[in-house]
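Trainee: Note that the working numbering has the sequence shown beginning at -14, numbered continuously upward.
Quick one: structure below, then a few questions.
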Amino acid sequence: MSKKNFSFIHKELKSWYKRSGVFLFSVIALFLLIGLLTSIQPAYRLSSSSVHHLTGQISGRSFLHLMGMENRLYKEAYPEDQEEIDVTQLVFQSATSIKPDDPRSLLGRELPGFAAYDGKIIVAGEGTDYTNMPIESSPPMEVFEEEKEAVITDDETPDPPKAEEKEPVQTTGERDVVFIYHSHNRESFLPLLPPGTVADDAYHSKANITMVGDRLKKSLENNGIGTNIDKSDITGKLLNNGMKYYESYEMSRPVVAQAIKQNDNLQFFFDLHRDWHSDKSFTSKEINGKSYARLFFVVGGDNPNYEKNAKLAWDLHKLLEKKYPGISRGVTEKKGQGTNGVFNQDLSSNSIVIEFGGVSSNLEELYRTADAFAEVFSDYYWQAEKVNGN
-14 MSKKNFSFIH KELKSWYKRS GVFLFSVIAL FLLIGLLTSI QPAYRLSSSS
36 VHHLTGQISG RSFLHLMGME NRLYKEAYPE DQEEIDVTQL VFQSATSIKP
86 DDPRSLLGRE LPGFAAYDGK IIVAGEGTDY TNMPIESSPP MEVFEEEKEA
136 VITDDETPDP PKAEEKEPVQ TTGERDVVFI YHSHNRESFL PLLPPGTVAD
186 DAYHSKANIT MVGDRLKKSL ENNGIGTNID KSDITGKLLN NGMKYYESYE
236 MSRPVVAQAI KQNDNLQFFF DLHRDWHSDK SFTSKEINGK SYARLFFVVG
286 GDNPNYEKNA KLAWDLHKLL EKKYPGISRG VTEKKGQGTN GVFNQDLSSN
336 SIVIEFGGVS SNLEELYRTA DAFAEVFSDY YWQAEKVNGN
(Lines of atoms letter the chains of each structure in order from A and count residues from 1; the text may use other names and numbers.)
(Lines give C-alpha, C1' and ligand atoms only; values in the text may rest on other atoms or scores of the structure.)
Protein backbone atom coordinates (compact mmCIF):
# COMPACT_ATOMS: atom_id res chain seq x y z
CA MET A 1 0.00 0.00 0.00
CA SER A 2 1.38 3.34 -1.00
CA LYS A 3 1.87 6.14 1.44
CA LYS A 4 -0.72 8.17 -0.44
CA ASN A 5 -3.39 5.45 -0.17
CA PHE A 6 -2.63 4.88 3.49
CA SER A 7 -3.02 8.59 4.18
CA PHE A 8 -6.37 8.64 2.37
CA ILE A 9 -7.70 5.63 4.30
CA HIS A 10 -6.52 7.10 7.59
CA LYS A 11 -8.27 10.36 6.80
CA GLU A 12 -11.55 8.60 5.91
CA LEU A 13 -11.46 6.45 9.06
CA LYS A 14 -10.83 9.50 11.20
CA SER A 15 -13.76 11.28 9.56
CA TRP A 16 -15.97 8.21 10.05
CA TYR A 17 -15.09 7.93 13.74
CA LYS A 18 -15.87 11.60 14.17
CA ARG A 19 -19.28 11.28 12.51
CA SER A 20 -20.02 8.13 14.52
CA GLY A 21 -19.15 9.91 17.74
CA VAL A 22 -21.48 12.79 16.95
CA PHE A 23 -24.25 10.36 15.99
CA LEU A 24 -23.77 8.28 19.16
CA PHE A 25 -23.75 11.40 21.32
CA SER A 26 -26.95 12.65 19.60
CA VAL A 27 -28.73 9.32 20.19
CA ILE A 28 -27.74 9.27 23.87
CA ALA A 29 -28.83 12.90 24.32
CA LEU A 30 -32.15 12.16 22.61
CA PHE A 31 -32.87 9.19 24.89
CA LEU A 32 -31.95 11.22 27.97
CA LEU A 33 -34.25 14.05 26.87
CA ILE A 34 -37.15 11.68 26.18
CA GLY A 35 -36.62 9.99 29.54
CA LEU A 36 -36.63 13.34 31.33
CA LEU A 37 -39.77 14.61 29.63
CA THR A 38 -41.72 11.40 30.29
CA SER A 39 -40.66 10.89 33.90
CA ILE A 40 -41.34 14.30 35.43
CA GLN A 41 -44.72 15.04 36.96
CA PRO A 42 -47.49 15.84 34.45
CA ALA A 43 -47.98 19.32 35.87
CA TYR A 44 -44.42 20.31 34.88
CA ARG A 45 -44.12 18.64 31.50
CA LEU A 46 -43.70 20.59 28.29
CA SER A 47 -46.51 19.66 25.92
CA SER A 48 -48.38 20.78 22.87
CA SER A 49 -52.02 21.51 23.65
CA SER A 50 -52.93 20.72 20.05
CA VAL A 51 -51.24 17.30 20.09
CA HIS A 52 -52.61 16.58 23.57
CA HIS A 53 -56.13 17.47 22.45
CA LEU A 54 -55.79 15.36 19.29
CA THR A 55 -54.49 12.26 21.06
CA GLY A 56 -57.05 12.71 23.81
CA GLN A 57 -59.79 12.08 21.27
CA ILE A 58 -58.49 8.59 20.47
CA SER A 59 -59.01 5.71 22.91
CA GLY A 60 -56.29 3.29 23.96
CA ARG A 61 -58.06 0.50 22.09
CA SER A 62 -57.90 2.51 18.89
CA PHE A 63 -54.14 3.00 19.31
CA LEU A 64 -53.76 -0.73 19.95
CA HIS A 65 -55.72 -1.47 16.77
CA LEU A 66 -53.52 0.87 14.72
CA MET A 67 -50.37 -0.78 16.10
CA GLY A 68 -51.84 -4.18 15.23
CA MET A 69 -52.22 -3.12 11.62
CA GLU A 70 -48.43 -2.73 11.44
CA ASN A 71 -47.40 -5.60 13.71
CA ARG A 72 -49.72 -8.60 14.17
CA LEU A 73 -48.12 -9.42 17.52
CA TYR A 74 -50.04 -6.50 19.04
CA LYS A 75 -53.31 -8.22 18.14
CA GLU A 76 -52.49 -10.93 20.68
CA ALA A 77 -52.86 -8.26 23.36
CA TYR A 78 -56.44 -7.41 22.30
CA PRO A 79 -58.96 -7.73 25.16
CA GLU A 80 -61.47 -10.53 24.73
CA ASP A 81 -64.28 -8.04 24.13
CA GLN A 82 -62.23 -5.99 21.63
CA GLU A 83 -64.39 -4.92 18.71
CA GLU A 84 -63.18 -4.07 15.24
CA ILE A 85 -62.33 -0.39 14.88
CA ASP A 86 -64.02 1.61 12.14
CA VAL A 87 -60.94 3.20 10.58
CA THR A 88 -63.05 5.68 8.60
CA GLN A 89 -64.74 6.90 11.78
CA LEU A 90 -61.38 7.02 13.58
CA VAL A 91 -59.82 9.18 10.83
CA PHE A 92 -62.87 11.48 10.80
CA GLN A 93 -62.73 11.84 14.58
CA SER A 94 -58.98 12.56 14.55
CA ALA A 95 -59.30 15.14 11.78
CA THR A 96 -62.33 17.00 13.16
CA SER A 97 -62.30 16.23 16.93
CA ILE A 98 -65.98 15.37 16.50
CA LYS A 99 -67.23 12.10 17.96
CA PRO A 100 -70.24 10.80 15.98
CA ASP A 101 -71.79 9.31 19.13
CA ASP A 102 -71.23 12.43 21.26
CA PRO A 103 -72.94 15.63 20.03
CA ARG A 104 -71.18 17.63 22.76
CA SER A 105 -67.98 17.43 20.70
CA LEU A 106 -69.72 19.52 18.01
CA LEU A 107 -71.74 21.83 20.26
CA GLY A 108 -68.73 22.53 22.46
CA ARG A 109 -66.96 24.11 19.49
CA GLU A 110 -69.93 26.06 18.16
CA LEU A 111 -71.54 27.47 21.34
CA PRO A 112 -69.53 30.14 23.22
CA GLY A 113 -68.90 29.15 26.84
CA PHE A 114 -70.28 25.63 26.38
CA ALA A 115 -67.08 24.10 27.78
CA ALA A 116 -67.81 25.67 31.19
CA TYR A 117 -70.93 23.48 31.44
CA ASP A 118 -69.20 20.34 30.23
CA GLY A 119 -67.22 17.59 31.92
CA LYS A 120 -66.56 13.89 32.03
CA ILE A 121 -68.75 11.65 34.17
CA ILE A 122 -66.51 9.38 36.24
CA VAL A 123 -69.43 7.73 38.01
CA ALA A 124 -73.09 8.61 37.42
CA GLY A 125 -75.52 8.76 40.29
CA GLU A 126 -79.26 8.31 39.95
CA GLY A 127 -80.58 10.28 36.95
CA THR A 128 -77.21 11.84 36.13
CA ASP A 129 -76.28 12.30 32.49
CA TYR A 130 -74.67 14.96 30.29
CA THR A 131 -77.86 17.04 30.23
CA ASN A 132 -77.72 17.88 33.96
CA MET A 133 -74.03 18.18 34.77
CA PRO A 134 -73.17 20.67 37.54
CA ILE A 135 -72.77 24.22 36.27
CA GLU A 136 -70.08 26.35 37.85
CA SER A 137 -71.09 29.92 38.61
CA SER A 138 -69.47 32.53 36.37
CA PRO A 139 -71.18 35.86 37.10
CA PRO A 140 -69.81 39.26 36.06
CA MET A 141 -68.27 41.11 38.99
CA GLU A 142 -70.98 43.80 38.71
CA VAL A 143 -73.40 41.34 40.35
CA PHE A 144 -71.61 41.82 43.69
CA GLU A 145 -71.69 45.61 43.71
CA GLU A 146 -75.19 45.84 45.23
CA GLU A 147 -75.90 43.78 48.34
CA LYS A 148 -79.32 42.13 48.59
CA GLU A 149 -81.34 41.88 51.78
CA ALA A 150 -81.09 38.33 53.06
CA VAL A 151 -84.12 36.42 54.26
CA ILE A 152 -81.84 33.83 55.93
CA THR A 153 -84.66 31.27 56.28
CA ASP A 154 -87.73 30.89 54.12
CA ASP A 155 -91.34 30.35 55.19
CA GLU A 156 -91.18 26.67 54.29
CA THR A 157 -88.28 25.96 56.65
CA PRO A 158 -88.35 28.61 59.40
CA ASP A 159 -86.36 26.42 61.79
CA PRO A 160 -83.76 24.19 60.12
CA PRO A 161 -82.97 21.02 62.10
CA LYS A 162 -80.24 21.39 64.66
CA ALA A 163 -77.13 19.25 64.50
CA GLU A 164 -77.47 16.28 66.83
CA GLU A 165 -75.34 16.67 69.94
CA LYS A 166 -73.78 13.38 70.91
CA GLU A 167 -70.65 11.97 72.48
CA PRO A 168 -68.59 10.40 69.67
CA VAL A 169 -67.35 6.84 70.17
CA GLN A 170 -64.02 7.78 68.59
CA THR A 171 -62.35 11.16 68.28
CA THR A 172 -59.28 12.75 66.75
CA GLY A 173 -58.80 14.60 70.02
CA GLU A 174 -57.23 18.01 69.57
CA ARG A 175 -56.15 17.22 66.01
CA ASP A 176 -58.04 18.88 63.14
CA VAL A 177 -57.87 16.49 60.19
CA VAL A 178 -60.43 18.11 57.87
CA PHE A 179 -60.19 21.56 56.31
CA ILE A 180 -63.28 23.24 54.83
CA TYR A 181 -63.11 26.33 52.65
CA HIS A 182 -65.17 28.08 49.96
CA SER A 183 -63.59 29.36 46.73
CA HIS A 184 -67.01 30.73 45.70
CA ASN A 185 -67.98 31.83 49.18
CA ARG A 186 -70.85 34.14 48.14
CA GLU A 187 -72.81 31.45 46.29
CA SER A 188 -76.25 31.66 47.86
CA PHE A 189 -79.65 29.96 47.63
CA LEU A 190 -82.93 31.47 46.43
CA PRO A 191 -84.87 30.59 49.64
CA LEU A 192 -82.39 32.81 51.54
CA LEU A 193 -82.89 35.80 49.24
CA PRO A 194 -85.79 38.20 48.51
CA PRO A 195 -88.65 36.84 46.35
CA GLY A 196 -88.09 37.39 42.66
CA THR A 197 -84.33 36.86 42.80
CA VAL A 198 -83.11 34.81 39.83
CA ALA A 199 -80.39 32.15 39.79
CA ASP A 200 -77.88 34.45 38.07
CA ASP A 201 -78.18 36.92 40.99
CA ALA A 202 -78.14 34.38 43.84
CA TYR A 203 -75.12 35.71 45.72
CA HIS A 204 -74.78 37.21 49.19
CA SER A 205 -71.91 38.19 51.47
CA LYS A 206 -73.37 36.43 54.55
CA ALA A 207 -76.33 34.21 53.62
CA ASN A 208 -74.41 31.78 51.46
CA ILE A 209 -72.62 28.44 51.16
CA THR A 210 -70.47 29.19 54.23
CA MET A 211 -73.56 28.47 56.35
CA VAL A 212 -73.44 24.90 55.02
CA GLY A 213 -69.72 24.84 55.83
CA ASP A 214 -70.47 25.79 59.44
CA ARG A 215 -73.06 23.02 59.68
CA LEU A 216 -70.70 20.45 58.18
CA LYS A 217 -67.93 21.41 60.60
CA LYS A 218 -70.27 20.98 63.58
CA SER A 219 -71.59 17.67 62.26
CA LEU A 220 -68.10 16.31 61.65
CA GLU A 221 -67.03 17.26 65.16
CA ASN A 222 -70.14 15.58 66.56
CA ASN A 223 -68.80 12.45 64.85
CA GLY A 224 -65.36 12.87 66.40
CA ILE A 225 -63.66 14.40 63.35
CA GLY A 226 -61.62 17.49 64.25
CA THR A 227 -62.37 20.13 61.63
CA ASN A 228 -61.02 23.55 60.73
CA ILE A 229 -63.01 25.95 58.54
CA ASP A 230 -61.99 29.06 56.64
CA LYS A 231 -64.65 31.59 55.68
CA SER A 232 -62.47 34.16 53.95
CA ASP A 233 -64.40 36.46 51.64
CA ILE A 234 -62.65 35.25 48.48
CA THR A 235 -65.07 37.14 46.23
CA GLY A 236 -64.50 40.34 48.22
CA LYS A 237 -60.75 39.94 47.73
CA LEU A 238 -61.28 39.56 43.99
CA LEU A 239 -63.24 42.82 43.97
CA ASN A 240 -60.57 44.65 45.96
CA ASN A 241 -57.81 43.43 43.65
CA GLY A 242 -59.64 44.07 40.39
CA MET A 243 -59.65 40.38 39.51
CA LYS A 244 -62.22 38.31 37.64
CA TYR A 245 -64.50 35.62 39.07
CA TYR A 246 -62.70 32.81 37.22
CA GLU A 247 -59.62 33.67 39.30
CA SER A 248 -61.35 32.56 42.52
CA TYR A 249 -59.21 29.45 42.84
CA GLU A 250 -56.04 31.50 42.51
CA MET A 251 -57.30 33.69 45.35
CA SER A 252 -58.24 30.74 47.58
CA ARG A 253 -55.00 28.86 46.92
CA PRO A 254 -52.96 30.74 49.56
CA VAL A 255 -55.70 29.94 52.10
CA VAL A 256 -55.20 26.21 51.57
CA ALA A 257 -51.42 26.46 51.36
CA GLN A 258 -51.26 28.41 54.63
CA ALA A 259 -53.52 25.90 56.39
CA ILE A 260 -51.24 23.05 55.31
CA LYS A 261 -48.17 24.97 56.48
CA GLN A 262 -49.65 25.74 59.90
CA ASN A 263 -51.19 22.34 60.62
CA ASP A 264 -49.54 19.14 59.40
CA ASN A 265 -52.40 17.09 60.89
CA LEU A 266 -54.77 18.17 58.10
CA GLN A 267 -55.52 15.27 55.77
CA PHE A 268 -58.72 16.13 53.87
CA PHE A 269 -59.65 19.33 52.05
CA PHE A 270 -63.24 20.07 51.03
CA ASP A 271 -64.08 23.08 48.87
CA LEU A 272 -67.83 23.61 49.27
CA HIS A 273 -69.96 25.04 46.44
CA ARG A 274 -73.56 25.03 45.28
CA ASP A 275 -74.71 24.10 41.79
CA TRP A 276 -76.24 26.80 39.59
CA HIS A 277 -79.09 24.48 38.55
CA SER A 278 -82.51 25.46 39.91
CA ASP A 279 -84.44 22.32 38.91
CA LYS A 280 -85.01 20.49 42.19
CA SER A 281 -86.04 17.33 40.36
CA PHE A 282 -82.34 16.44 40.23
CA THR A 283 -80.81 18.64 42.96
CA SER A 284 -82.95 17.21 45.78
CA LYS A 285 -83.94 13.71 46.82
CA GLU A 286 -86.57 12.37 49.21
CA ILE A 287 -85.17 9.64 51.43
CA ASN A 288 -87.31 7.98 54.12
CA GLY A 289 -89.86 10.77 53.84
CA LYS A 290 -87.34 13.60 54.22
CA SER A 291 -85.89 15.89 51.55
CA TYR A 292 -82.13 16.08 51.09
CA ALA A 293 -79.99 18.36 48.92
CA ARG A 294 -78.07 16.14 46.54
CA LEU A 295 -74.26 16.16 46.31
CA PHE A 296 -71.98 16.18 43.29
CA PHE A 297 -68.23 15.58 43.57
CA VAL A 298 -65.90 17.45 41.20
CA VAL A 299 -62.31 16.41 40.54
CA GLY A 300 -59.82 18.47 38.53
CA GLY A 301 -58.32 16.43 35.70
CA ASP A 302 -55.32 18.74 35.25
CA ASN A 303 -53.48 18.03 38.49
CA PRO A 304 -50.96 15.32 39.46
CA ASN A 305 -53.18 14.05 42.32
CA TYR A 306 -56.10 13.38 39.99
CA GLU A 307 -56.26 9.59 40.46
CA LYS A 308 -56.12 9.69 44.27
CA ASN A 309 -58.63 12.53 44.52
CA ALA A 310 -60.95 10.74 42.10
CA LYS A 311 -60.73 7.57 44.19
CA LEU A 312 -61.64 9.51 47.34
CA ALA A 313 -64.70 10.98 45.62
CA TRP A 314 -65.70 7.60 44.22
CA ASP A 315 -65.36 5.88 47.62
CA LEU A 316 -67.48 8.54 49.33
CA HIS A 317 -70.09 8.31 46.56
CA LYS A 318 -70.42 4.54 47.06
CA LEU A 319 -70.67 4.81 50.85
CA LEU A 320 -73.29 7.55 50.60
CA GLU A 321 -75.35 5.46 48.19
CA LYS A 322 -75.42 2.59 50.67
CA LYS A 323 -76.82 4.67 53.53
CA TYR A 324 -78.69 7.35 51.60
CA PRO A 325 -79.61 6.00 48.13
CA GLY A 326 -79.84 8.78 45.56
CA ILE A 327 -78.22 11.50 47.68
CA SER A 328 -75.13 11.59 45.43
CA ARG A 329 -75.43 12.70 41.82
CA GLY A 330 -72.02 11.17 41.13
CA VAL A 331 -68.46 12.22 40.37
CA THR A 332 -67.34 14.37 37.45
CA GLU A 333 -63.96 15.32 36.06
CA LYS A 334 -63.31 18.88 34.87
CA LYS A 335 -60.28 19.79 32.80
CA GLY A 336 -59.08 21.57 29.69
CA GLN A 337 -60.14 24.91 28.28
CA GLY A 338 -63.08 26.73 29.85
CA THR A 339 -62.47 25.51 33.40
CA ASN A 340 -59.78 25.67 36.08
CA GLY A 341 -58.97 21.97 35.90
CA VAL A 342 -56.86 21.95 39.10
CA PHE A 343 -59.08 23.49 41.83
CA ASN A 344 -56.10 23.54 44.23
CA GLN A 345 -56.25 19.74 44.34
CA ASP A 346 -52.57 19.53 43.47
CA LEU A 347 -51.90 20.61 47.06
CA SER A 348 -53.29 17.37 48.52
CA SER A 349 -54.15 13.86 47.39
CA ASN A 350 -57.31 14.04 49.53
CA SER A 351 -58.90 17.16 48.06
CA ILE A 352 -62.26 17.48 46.30
CA VAL A 353 -64.88 20.04 45.36
CA ILE A 354 -68.34 19.21 46.73
CA GLU A 355 -71.46 20.75 45.21
CA PHE A 356 -74.17 20.95 47.89
CA GLY A 357 -77.63 21.07 46.32
CA GLY A 358 -78.67 23.65 43.76
CA VAL A 359 -79.62 27.30 43.80
CA SER A 360 -83.20 26.38 44.85
CA SER A 361 -82.18 24.26 47.87
CA ASN A 362 -83.35 25.38 51.30
CA LEU A 363 -81.48 25.22 54.61
CA GLU A 364 -83.40 22.22 55.91
CA GLU A 365 -82.31 20.11 52.93
CA LEU A 366 -78.76 21.44 53.01
CA TYR A 367 -78.23 20.91 56.72
CA ARG A 368 -79.74 17.43 56.57
CA THR A 369 -77.29 16.54 53.80
CA ALA A 370 -74.36 18.03 55.72
CA ASP A 371 -75.27 15.76 58.65
CA ALA A 372 -75.54 12.73 56.35
CA PHE A 373 -72.20 13.46 54.69
CA ALA A 374 -70.49 13.91 58.08
CA GLU A 375 -71.88 10.58 59.28
CA VAL A 376 -70.69 8.71 56.18
CA PHE A 377 -67.32 10.44 56.06
CA SER A 378 -66.62 9.62 59.70
CA ASP A 379 -67.26 5.91 58.93
CA TYR A 380 -64.84 6.21 56.01
CA TYR A 381 -62.23 7.99 58.11
CA TRP A 382 -62.27 5.55 61.03
CA GLN A 383 -62.16 2.56 58.72
CA ALA A 384 -59.13 4.07 56.96
CA GLU A 385 -57.46 4.67 60.33
CA LYS A 386 -58.13 1.06 61.29
CA VAL A 387 -56.58 -0.20 58.05
CA ASN A 388 -53.53 2.04 58.58
CA GLY A 389 -53.13 0.70 62.11
CA ASN A 390 -53.70 4.04 63.85
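Even for Gly, the Cβ is constructed at its ideal location relative to N, Cα and C.
Can you name, in chain order, every residue of its own chain whose Cβ lies under 8 Å from the Cβ of S276, other than the five neighbours on each side?
Mentor: Here residue 276 refers to the residue found at position 291 when the sequence shown is read from its first residue. These residues qualify, in order along the chain: S269, K270, E349, E350, R353.
Trainee: Do I120 and D260 count as a contact pair if the criterion is CB distance below 8 Å?
Mentor: Taking the first residue of the sequence shown as position 1, residue 260 is located at position 275. Taking the first residue of the sequence shown as position 1, residue 120 is located at position 135. Yes.
Trainee: Give me the Cα-Cα distance between L224 and N273, rounded to the nearest whole angstrom.
Mentor: The count along the sequence shown starts at 1 and reaches residue 224 at position 239. The count along the sequence shown starts at 1 and reaches residue 273 at position 288. Those two C-alpha atoms are separated by around 44 Å.
Trainee: Please state whether DSSP places P143 in a helix, a strand or coil.
Mentor: Counted from its first residue, the sequence shown places residue 143 at position 158. With a pLDDT of only 44 at P143, under 50, the local geometry of the prediction cannot be trusted, and the value read off the model is given with reservation. Coil.
Trainee: For H258, write down the residues that DSSP places opposite it in a beta bridge.
Mentor: One-based indexing of the sequence shown puts residue 258 at position 273. DSSP lists E340 as partners of H258.
Trainee: Along the chain, where does the beta strand (DSSP E) containing Y277 start, and where does it finish?
Mentor: Numbered from 1 along the sequence shown, position 292 holds the residue referred to as residue 277. Note, Y277: beta strand (DSSP E), 275 to 278.
Trainee: Assuming contact is defined by CB atoms lying nearer than 8 Å, are H167 and I219 in contact in what I supplied?
Mentor: Taking the sequence shown and counting its residues from 1, one reaches residue 167 at position 182. Taking the sequence shown and counting its residues from 1, one reaches residue 219 at position 234. Going by C-beta atoms, H167 is nearer than 8 Å to I219.
Trainee: Would you mind reading off the limits of the beta strand (DSSP E) that contains T156?
Mentor: As a working note, residue 156 is residue 171 in the sequence shown. First-last for T156: undefined, no H or E at that position.
Trainee: Please list the terminal residues of the continuous beta strand (DSSP E) segment that includes A298.
Mentor: The count along the sequence shown starts at 1 and reaches residue 298 at position 313. A298 -> not in any beta strand (DSSP E); alpha helix (DSSP H) instead, spanning 291 to 308.
Trainee: How many Å lie between T156 and V183 at the Cα?
Mentor: On the sequence shown, position 171 is the one that residue 156 refers to. On the sequence shown, position 198 is the one that residue 183 refers to. Computed Cα separation, rounded: 42 Å.
Trainee: Can you name, in chain order, every residue of its own chain whose Cβ lies under 7 Å from the Cβ of N193, other than the five neighbours on each side?
Mentor: In the sequence shown, the residue the question calls residue 193 occupies position 208. Hits under 7 Å: N170, R171, E172, S173.
Trainee: How about G363 and F254: do their beta carbons lie closer than 8 Å?
Mentor: Walking along the sequence shown from the start, residue 363 turns up at place 378. Walking along the sequence shown from the start, residue 254 turns up at place 269. Per the sequence presented here, residue 363 reads as Ser, with Gly not at that position. No, the pair does not count as a contact, with Cβ atoms beyond the cut-off.
Trainee: Rounded to the nearest angstrom, how far is the Cβ of F328 from that of Y231, given a contact under 8 Å?
Mentor: Numbered from its first residue, the sequence shown carries residue 328 at position 343. Numbered from its first residue, the sequence shown carries residue 231 at position 246. About 12 Å; that fails the 8 Å criterion.
Trainee: Using the rule of at least 16 other Cβ atoms within 10 Å of the residue's Cβ for burial, across every protein chain shown, is M126 buried or exposed?
Mentor: The count along the sequence shown starts at 1 and reaches residue 126 at position 141. Counting Cβ neighbours within 10 Å, M126 comes out exposed, since fewer than 16 surround it.
Trainee: Can you tell me where the beta strand (DSSP E) with K203 in it begins and where it stops?
Mentor: Position 218 of the sequence shown holds residue 203. No beta strand (DSSP E) holds K203; the alpha helix (DSSP H) holding it covers 195 to 207.
Trainee: Take K222 and list the residues in its own chain whose beta-carbon comes closer than 7 Å to its own, dropping the five residues that flank it on each side.
Mentor: Looking up residue 222 in the sequence shown gives position 237. Only M236 meet the Cβ criterion.
Trainee: When you compare only the Cα positions, how much space is there between N117 and G343?
Mentor: The count along the sequence shown starts at 1 and reaches residue 117 at position 132. The count along the sequence shown starts at 1 and reaches residue 343 at position 358. Each residue's Cα considered, the two are about 11 Å apart.
Trainee: So, are the CB atoms of N377 and E360 less than 8 Å apart?
Mentor: Any answer about residue 377 is impossible in this case: the structure gives the chain only from -14 up to 375.
Trainee: Can you tell which of N373, N290, S346, W367 has its C-alpha closest to the C-alpha of V197?
Mentor: Residue numbering aside, residue 197 sits at position 212 when the sequence shown is read from its first letter. Taking only the C-alpha atoms, the option nearest V197 is S346.
Trainee: Identify, in the order they occur along the chain, each residue of the same chain with its Cβ nearer than 8 Å to the Cβ of A379, setting aside the five sequence neighbours on each side.
Mentor: Here the chain covers residues -14 to 375 and nothing more, so residue 379 does not appear.
Trainee: State the Cα-Cα distance for the pair H161 and D199, rounded to the nearest angstrom.
Mentor: In the sequence shown, the residue the question calls residue 161 occupies position 176. In the sequence shown, the residue the question calls residue 199 occupies position 214. The question names His, yet the displayed sequence has Asp at residue 161. Between D161 and D199, the C-alpha separation is close to 15 Å.
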